[in-house]
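Per my numbering, residue 3 is the first one in the sequence shown, and the count goes up by one each step.
Beta carbons are placed, not taken as given, at the ideal position from N, Cα and C, and that holds for glycine.
Being a predicted model, the structure only gives us computed values, none of them experimental.
Worksheet: the structure to be examined is printed underneath.
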Amino acid sequence: GSRPKVPEPPKPRSLDCKAPKMVIKTDLCAYTEYRIYPGHGEKFIAKDAKVHFFISAKADALFHQRIKPVKLRWTQAWRRMNKKGKVEEGGKKKTRRAQKFQKAIVGLSLDDLKKKKAQKPELRQAREAAAKEAKQRATQKKPAAKVAAPKGKADKGAKLPKGGGAPKAGKDFKGKK
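In structure tokens, the structure reads:
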């Protein structure tokens, strides 16, 4: 025995079908920034022909008293200023880190700086050691005669060779001549 097939009852329509929704034109209150639905609120037209919509007589009165909406806790402007309401989706915003940027120094051009950085650390240490040695020799030569500031400055000029100084005015020179 086979049973006769009984037709299945019709399935209920799913709620996610694209049924047309009714669109209602709303205005925003010029003071509170609340939505104003049709048949509500007041319209104010200023002397300069600017149109302002207010949700209530209270908002209208406060606007004409020139009371700033930011100072009233119940307005959207106050909520925006004090970061109320909207929860940020991605937690905290990521702060952008400043990118490192190298500029030329007064004594060295950018190319010279890059060359110095590219030098091996052993070479750099050797140069510093030679400079210290030269400084010691200079102090041993004149232990009795002590010259305060000029001596130190003269030493510094002698120990560190500058990286070429100012570029020569040629075809690739960019700047004042």
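Note the first and the last residue of the continuous alpha helix (DSSP H) segment covering residue i.
i	result
E124	P123 to K143
A32	Taken as a continuous stretch (DSSP letters only), A32 belongs to no alpha helix (DSSP H), as it is neither H nor E.
A79	Q78 to M83
L74	Looking at the DSSP string, L74 is not in any alpha helix (DSSP H), and its letter there is neither H nor E.
A120	L112 to A120
F65	A59 to H66
Name, in chain order, the residues that DSSP records as bridge partners for residue i.
i	result
H54	F46
I38	D29
Counting only the same chain and skipping the five closest in sequence on each side, list residues whose C-beta sits under 6 angstroms from that of residue i.
i	result
F46	H54
I107	none
Please state whether the Cβ-Cβ distance between residue i and residue j is less than 8 angstroms.
i	j	result
F56	A32	yes
Y39	I26	yes
T104	L112	At residue 104 the sequence reads Gln, which differs from the Thr that was named. Contact: yes.
For residue i, collect the residues of the same chain with a Cβ closer than 7 angstroms to its Cβ; drop the 5 residues on either side in sequence, then sort them by chain order.
i	result
A61	C31, Y33 and T34
R81	G87
Between residue i and the rest of its own chain, which residues show a CB-CB distance below 8 angstroms, the 5 nearest in sequence each way excluded?
i	result
G43	D29, C31, F55, F56, I57 and S58
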